[in-house]
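>
In the numbering used here, the protein residues as written are -5 to 697.
Structure below.
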């Protein structure tokens, strides 16, 4: 089918617009014990009153159930319930409708009809300071700007433990189009209203609904329809999103198998979400305009069409889809650029895990269900991606990609667990992977490795390298790369480690230069503090940060400190004045200095080329003195290696609040500068040393 590009806007006298596609919700279910149910759901949206009026006629295969339990929001008022056409008393409390089933109905389908209305008015963030939760706590809201009703929010009666299909009609004010899972039966303009109709033929566990005054853009990519539901002001973005989405669909179809839905849609939201749903993604207007979104995040969401929305997740045994999707999107794009970019990505994933999931806070991948904070993101996304990288290296290239294609073929639209993944990979690789999955998926934490007692022993024309390779405090079964660099050669060794320590005996035919473990960061491990340049992420995982205000500062500086703490997602923190700062408190906490302190002795040690002053700052020899300039940097704590001291130094308050909200986006970096609220520079302080690297004294010639 030739690609075609079309732009359409709803016209009151036009016939229904039809878009052929079907999709399933991320947590779609397929268990044999799930109760089959068909919904004929009619919804009227009244944005001026933030109201939803609903009528749901359900046909339920009740089997031998004695009662039916429906979840409906506690913000709803149930007006009427009918069972097989007969009125029943309304029993609705604590978001639950209980409906007894008569004995004569056992074994036969029953029809339940529920009439209800509800007010949904969750406050919507306009300029959120923290973005670690992609939904900002909004589950259901109806406004004049748009409508967002999340699966599980109780905007329609949900039968517990069911697998549901839907015929949905959404009536809204003229030009308001509704988007949800399923096959579109058209958007009709009738008088002063619009009716959007959808048919959801694949059983799903829950349904999300979005609605707004959209323009619809469409293009075909083979047999797949690429659709954009955008606000008029976003029209200039359409061409770039169209091309990118089509390219991603083709790429993943070649890699894993045919795209599982007839369509993929990019839907614009009226507040800054970053959601992915089956065959569509819901992105806020500001998110759509982020420069990196098309290059990475869009592909990530499309990859979910195979992993999470195509092959379902069995959440009882952990969410594997974020780690796999991250690996075959964000990471794979870097690998396709260059090995150097891929290596840098792996290093940053390991740093993120080390900084954001410190001992005592982390948990097994098998307990990860979704991202709600930096800790869960570090485990589900960063650790998860590294586990698939290590699995790839364990089974080999051909077996890895063949196993993923087989996993997709055999588990499409089925709930799938880590155990199912293990089984497929064992079959394709003909290897036992029990130990691999046990230690990387079902155990928490990660290994810490180091070299000890490294010696170069001269011999007869060569050198014998003797060293201890150790791990602790916990033991893992590891296969570690060891790079030995000699004056005239470089050799990569594969080293097995299962005990506390193993002894290395390596040979150099010329003068030894350097011994490095895991030089390409192919192993998930906890890095030593010396291996991690201080970074913003260390603050985001702080157990108790102290924000210090300069003596004599005004109230707006305290407000700025609170904005920064909120942006960083700090759960435990204090704001104190410099004059009230006790030495014991300073030495035991992570410190964030807000502005230049009166006592410059509080400032951390600066790296070469770095200087802070009241009217400016110098970085890499360049001086910044514009009132709109701002600096944020994280440094090692002078008293404790497991703590940091950060300095937030805006040269004026004009854009300081904007910067305070943006700092969290630069978690991987040691420092970041802004001008006029926009990022100008970012970077890392140099790494001082590493327990996995040994530099030999330079000696040329024969021993």
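Glycine included, each C-beta is placed from N, C-alpha and C at the ideal position.
In this text, all values refer to a predicted model and were calculated from it rather than measured experimentally.
1) Can you tell me whether DSSP reads residue 41 as helix, strand or coil?
2) Between residue 171 and residue 192, which are expected to be in contact by the criterion C-beta below 8 angstroms, what is the C-beta distance as a whole number of angstroms?
3) Apart from the five residues just before and just after residue 700, which ones in its own chain have a Cβ nearer than 6 angstroms to its Cβ?
4) For the stretch 156 to 175 against the stretch 30 to 46, are there 3 or more C-beta pairs whose distance is under 8 angstroms?
5) What did DSSP end up calling residue 531 once you bin it into helix, strand or coil?
6) What are the boundary residues of the alpha helix (DSSP H) that residue 371 is part of?
7) Name the DSSP beta bridge partners of residue 316, please?
8) So, with DSSP's three-state summary, where would you put residue 735?
9) Please state whether DSSP places residue 524 in a helix, a strand or coil.
10) Applying the 10 Å Cβ sphere with the 16-neighbour rule, what's the burial state of residue 486?
11) If you pair each beta-carbon of the stretch 368 to 388 with each one of the stretch 325 to 340, do three or more pairs fall below 8 angstroms?
12) Give the secondary structure of residue 342 by DSSP, where H, G and I count as helix, E and B as strand, and everything else as coil.
13) Smallest Cα separation from residue 42: which of 394, 259, 682, 138?
14) For residue 456 and residue 505, I'd like the C-alpha separation in whole angstroms.
15) Roughly how many whole angstroms lie between the Cα atoms of residue 601 and residue 587?
16) Please state whether DSSP places residue 416 in a helix, a strand or coil.
17) Quick check on residue 102: buried or exposed, where buried means 16 or more other Cβ atoms within 10 Å of its Cβ?
18) Which residues does DSSP pair with residue 711 in a beta bridge?
19) Indicate the three-state DSSP secondary structure (helix, strand or coil) for residue 483 in the structure shown.
20) Relative to the C-alpha of residue 182, which candidate in 168, 366, 471 has its C-alpha closest?
21) Would you kindly report the start and end of the unbroken alpha helix (DSSP H) that includes residue 149?
22) Using a threshold of 8 angstroms, state whether the C-beta atoms of residue 530 and residue 661 are closer than that.
23) Under 8 angstroms: do the stretch 440 to 456 and the stretch 515 to 523 share three or more Cβ pairs, one atom per stretch?
24) Mapping DSSP to helix, strand and coil, what is residue 496?
25) Distance check for residue 508 and residue 20, CA to CA, integer angstroms please.
26) Please confirm if residue 270 has its CB atom under 8 angstroms from at least one CB of chain D.
27) What residue from 534, 475, 269 has the CA that sits closest to residue 659's CA?
28) Do the stretch 63 to 79 and the stretch 108 to 122 touch if we need at least three Cβ pairs shorter than 8 angstroms?
29) Quick one: what does DSSP say residue 94 is sitting in, helix, strand or coil?
30) Less than 8 angstroms separating the beta-carbons of residue 458 and residue 501?
31) Measuring CB to CB, does residue 724 end up less than 8 angstroms from residue 201?
32) Would you be able to state if there are at least three C-beta pairs under 8 angstroms between the stretch 308 to 328 and the stretch 359 to 376?
33) Grab me the residues of residue 75's own chain with a C-beta within less than 6 angstroms of its C-beta, minus the 5 sequence neighbours each way, in chain order.
34) So, does the stretch 664 to 682 touch the stretch 573 to 590, judging by three or more C-beta pairs under 8 angstroms?
35) Kindly indicate which residue of 252, 235, 253 has the alpha-carbon position closest to the one of residue 285.
36) Give the secondary structure of residue 142 by DSSP, where H, G and I count as helix, E and B as strand, and everything else as coil.
The structure says:
1) Correct three-state label for residue 41: helix.
2) Contact check for residue 171 and residue 192: beta-carbon distance about 11 angstroms, past the 8 angstroms limit, so the pair fails to qualify.
3) A query on residue 700 cannot be resolved here, the shown segment of the chain reaching from -5 to 697 and no further.
4) Using a C-beta cut-off of 8 angstroms, the stretch 156 to 175 makes contact with the stretch 30 to 46, since at least three inter-stretch Cβ pairs fall below that distance.
5) Looking at residue 531 - three-state DSSP - the assignment turns out to be helix.
6) Looking at the DSSP string, the run of the alpha helix (DSSP H) that includes residue 371 is 368 to 371.
7) In the DSSP output, where bridge partners are listed per residue, residue 316 has none listed.
8) In this structure the chain extends from -5 to 697, so residue 735 is not present and cannot be described.
9) Secondary structure of residue 524 (DSSP, three-state): helix.
10) That one is exposed.
11) By the C-beta criterion, the stretch 368 to 388 is judged to be in contact with the stretch 325 to 340, since at least 3 inter-stretch pairs fall below 8 angstroms.
12) Residue 342 sits in a helix when the DSSP states are folded into three classes.
13) Answer by Cα proximity: 138.
14) Residue 456 and residue 505 have their C-alpha atoms spaced approximately 8 angstroms apart.
15) Residue 601 and residue 587: Cα-Cα distance of roughly 17 angstroms.
16) The three-state reading of DSSP puts residue 416 in helix, counting H, G and I together.
17) It is exposed - the Cβ of residue 102 has fewer than 16 other Cβ atoms within 10 Å.
18) Here the chain has residues from -5 to 697 only, and residue 711 is not among them.
19) Three-state result, residue 483: strand.
20) Comparing Cα-Cα distances from residue 182 to each of 168, 366, 471, the minimum goes to 168.
21) Per DSSP, residue 149 belongs to no alpha helix (DSSP H) and is neither H nor E.
22) For residue 530 and residue 661, yes; Cβs fall inside 8 angstroms.
23) In short, these stretches touch, since the Cβ pair count reaches three.
24) Note: residue 496 maps to strand in three-state DSSP.
25) Low confidence applies here, because residue 20 scores a pLDDT of 44, under 50, leaving its location unreliable and the question unanswered by this model.
26) Of the chains in the structure shown, none is chain D; there is only one protein chain.
27) By alpha-carbon distance to residue 659, the top candidate from 534, 475, 269 is 534.
28) Counting Cβ pairs under 8 angstroms, three or more are found: they touch.
29) In this structure, residue 94 counts as strand in the three-state DSSP scheme.
30) Their beta carbons are under 8 angstroms apart, which means residue 458 touches residue 501 by this criterion.
31) Since the first residue of the chain shown is -5 and the last is 697, residue 724 is not available in this structure.
32) Counting Cβ pairs under 8 angstroms, three or more are found: they touch.
33) Cβ neighbours of residue 75 beyond the five flanking positions: 82, 84, 108.
34) Counting C-beta pairs closer than 8 angstroms gives fewer than three between the stretch 664 to 682 and the stretch 573 to 590, which falls short of the contact rule.
35) Checked all of 252, 235, 253; the closest Cα to residue 285 is 235.
36) Strand at residue 142.
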